[in-house]
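In my numbering, the protein residues as written are 3 to 56. We put the beta carbon where it would ideally sit given N, CA and C, even for glycine. Bear in mind that the values here come from a model prediction, so they are computed numbers and not experimental data.
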């Protein structure tokens with residue numbers, strides 16, 4: 003990513019295409035399109051058992 007870094011008024015910026023390419027090439031679980039909760043994790047406590055906010 004360092005070769006794509008652009009400084010604008012002292013703030014680091016990366017082109018969107020470079021960020022997306024980095025994201026899509028990451029190895030292992032959690033890469034590119036596998037974000038979010040693991041499959042089947044669900045809620046720990048059923049909603050009907052949660053305390054209601056007043």
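So the beta strand (DSSP E) residue 14 belongs to, where does it begin and stop? Numbered from its first residue, the chain shown carries residue 14 at position 12. Residue 14: member of the beta strand (DSSP E) spanning 13 to 15, first to last residue.
Opposing strand residues paired with residue 47 [DSSP bridges]: In the chain shown, the residue the question calls residue 47 occupies position 45. DSSP lists no partner for residue 47.
Which residue marks the beginning of the beta strand (DSSP E) containing residue 3, and which one marks its end? Here residue 3 refers to the residue found at position 1 when the chain shown is read from its first residue. Unbroken run through residue 3: none, as it is neither H nor E.
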